[in-house]
Amino acid sequence: MRLHAENELIETEDIKIQCMIFQGDSLSPLLFCIFLIPLAEQLNRLNTGYEAHMMKTKISHLLYMDDLKLIAKSEEELSKTDTNS
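Position in the sequence shown counted from 1, then plus 17, gives you this note's numbering.
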C-alpha cells in the first residue's frame, strides 16, 4: 500500500486480506469511510476543483455513500488528480 503524507511517501508490504466484510455487515460503512479519509485529504491538497463565485474554498470532490465524484474546471485539471496519485 502507498500513502502520500506531508511530502513523504509511506509504503508498506502487500496487505493480504484473509476474510471479507460483506456489504450488509454493520462494519462495512464505517470501514469504507475510514479508507476514504486519506484519499479525501490528498484531493484537498491538490488545490483543484470548482470555486463558486462567492466562496473562498474549492470543491474538489463529492462523496455520497459509495459514490465519488471528482470536480475540476477543465479536463487538464482533472488529469492532474490522476498524475499525482
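Glycine is no exception: its CB is placed at the ideal position from the N, C-alpha and C atoms.
Note that the structure is a prediction, hence the values are computed from the model and not measured.
Nearest residue (CA-CA) to residue i, options the options
| i | options | result |
| --- | --- | --- |
| Ile32 | Asn64, Leu53, Met18, Glu94 | Met18 |
| Lys90 | Tyr67, Lys73, Met72 | Tyr67 |
| Ala22 | Glu58, Leu53, Ile38, Phe39 | Glu58 |
Per DSSP, cross-strand counterpart(s) of residue i
| i | result |
| --- | --- |
| Arg62 | None; Arg62 has no bridge partner. |
| His78 | Leu87 |
| His21 | Leu26 |
Exposed unless 16 or more other CB atoms sit within 10 angstroms - verdict on residue i
| i | result |
| --- | --- |
| His70 | exposed |
| Ser77 | buried |
Collapsed DSSP secondary structure at residue i in the structure displayed
| i | result |
| --- | --- |
| Ile32 | coil |
I'd like to know if the segment 52-67 and the segment 84-96 are in contact, where contact means that at least 3 CB-CB pairs between them fall below 8 Å.
Contact between the segment 52-67 and the segment 84-96 is present, because at least three Cβ pairs lie under 8 Å.
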